[in-house]
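Data block below; observations after.
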DNA sequence: TAGATATTCAACCAATCAGTTGACTAAGAC
DNA sequence: GTCTTAGTCAACTGATTGGTTGAATATCTA
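Protein chains in written order, with our numbering: chain A, 149 to 257; chain B, 149 to 257.
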């Protein structure tokens with residue numbers, strides 16, 4: 149079984165839209181702290197704290213070059229969360245749910 | 149794009165081990181509030197609050213029968229979180245990461 | 001050396017969260 | 001009717017969170 153605490157901090161890190169925006173940005177490639185902070189209407193220190201949350205969750209890695217810190221997406225941990233969800237997301241999908249989807253078609257939230 | 153607030157409350161709901169345990173239990177079938185609370189070393193009111201969080205996140209649904217409330221897993225919302233992760237979990241997986249896995253083999257966290 | 005740039009750290013604040021207890025509502029059992 | 005069982009609600013607590021500001025630490029530039 150996957151370590152519970154790992155899932156705790158991973159899902160908690162993913163629960164914030166600012167941090168998800170950062171991950172989205174990083175999916176296009178490395179970025180510095182300032183790069184990530186720029187579009188965020190938030191102080192640099194605030195953004196820095198968000199990055200630290202992502203880092204502690206193992207979702208990003210940091211590489212220093214001089215005074216700049218380059219962040220990169222760490223797919224491994226994301227895949228762990230993905231794998232956990234897989235089990236439940238697949239749950240009773242086929243039979244009941246395909247029918248359900250067919251019926252509700254466009255009332256999907 | 150998926151509604152940000154939906155992802156917020158979904159991932160936040162998933163970030164707690166008590167609630168994930170509840171979902172695990174529900175993946176085996178319907179259960180009452182008491183059923184879910186029993187193994188949890190927590191007051192019934194406490195468990196009830198966790199269930200409400202899951203419900204508000206759309207992760208479980210509730211059916212009342214007399215004084216008992218039966219909860220069931222709602223796969224739809226789980227699949228939404230799963231789909232969001234899919235994009236990032238798949239990120240640069242093949243090339244670099246397969247190699248990385250091969251190298252680090254058993255230092256995996 | 002001095003000044004600007006990139007980033008973190010520490011202290012603080014308001015809001016939210018996970019848990020508790022005690023009182024309440026509603027439904028079954030006797 | 002009365003007692004018990006199933007569950008929620010309200011009020012409270014301590015811990016955590018997301019944000020701020022101001023100062024500190026490096027590093028680059030001139």
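Glycine included, C-beta positions come from ideal geometry on N, C-alpha and C.
Given residue i as reference, the closest of the options once Cα atoms are compared
i	options	result
residue 154 of chain A	A:164, A:226 and A:183	A:226
residue 169 of chain A	B:174, B:186, B:224 and B:151	B:151
residue 235 of chain A	B:236, B:222 and B:212	B:222
residue 187 of chain A	A:207, A:165 and A:206	A:165
residue 175 of chain A	A:209, A:157 and A:159	A:209
residue 229 of chain A	A:167, A:205, A:185 and A:172	A:205
Any C-beta of chain B under 7 angstroms from that of residue i
i	result
residue 213 of chain A	no
residue 209 of chain A	no
residue 226 of chain A	yes
residue 233 of chain A	yes
residue 175 of chain A	yes
residue 205 of chain A	no
residue 237 of chain A	yes
residue 152 of chain A	yes
Below-7 angstroms beta-carbon distance, residue i vs any chain A residue
i	result
residue 230 of chain B	yes
residue 254 of chain B	Unreliable placement is indicated for residue 254 of chain B, whose pLDDT of 48 sits below 50; the coordinate value is still reported in the next sentence. With 7 angstroms as the cut-off, residue 254 of chain B does not count as an interface residue toward chain A.
residue 189 of chain B	no
residue 243 of chain B	Note that residue 243 of chain B scores a pLDDT of 48, beneath 50, so its modelled location is shaky and nothing firm can be said.
residue 200 of chain B	no
Three-state secondary structure (DSSP) of residue i
i	result
residue 164 of chain B	coil
residue 208 of chain B	strand
residue 255 of chain B	The predicted model places residue 255 of chain B with a pLDDT of 49, which falls under 50 and marks its position as unreliable, so this point remains unresolved.
residue 151 of chain B	coil
residue 179 of chain B	strand
residue 237 of chain B	helix
residue 243 of chain A	Because residue 243 of chain A carries a pLDDT of 48, less than 50, the predicted location of this residue cannot be relied on, and the following value inherits that uncertainty. Note: residue 243 of chain A maps to helix in three-state DSSP.
- Query: What are the residues of the segment 155-168 of chain B that lie near chain A, defined by any Cβ-Cβ distance shorter than 9 angstroms?
  - Reply: Correct list: 155, 156, 157, 158, 159, 160, 161, 162, 163, 164, 165 and 168.
- Evaluate the contact criterion for the segment 190-197 of chain B versus the segment 189-208 of chain A: three or more CB pairs, one atom per stretch, below 8 angstroms. These segments do not touch.
- Task: May I ask you to verify whether the segment 216-232 of chain A touches the segment 180-188 of chain A, counting CB pairs closer than 8 angstroms and requiring at least 3?
- Result: Contact between the segment 216-232 of chain A and the segment 180-188 of chain A is established, with three or more Cβ pairs separated by less than 8 angstroms.
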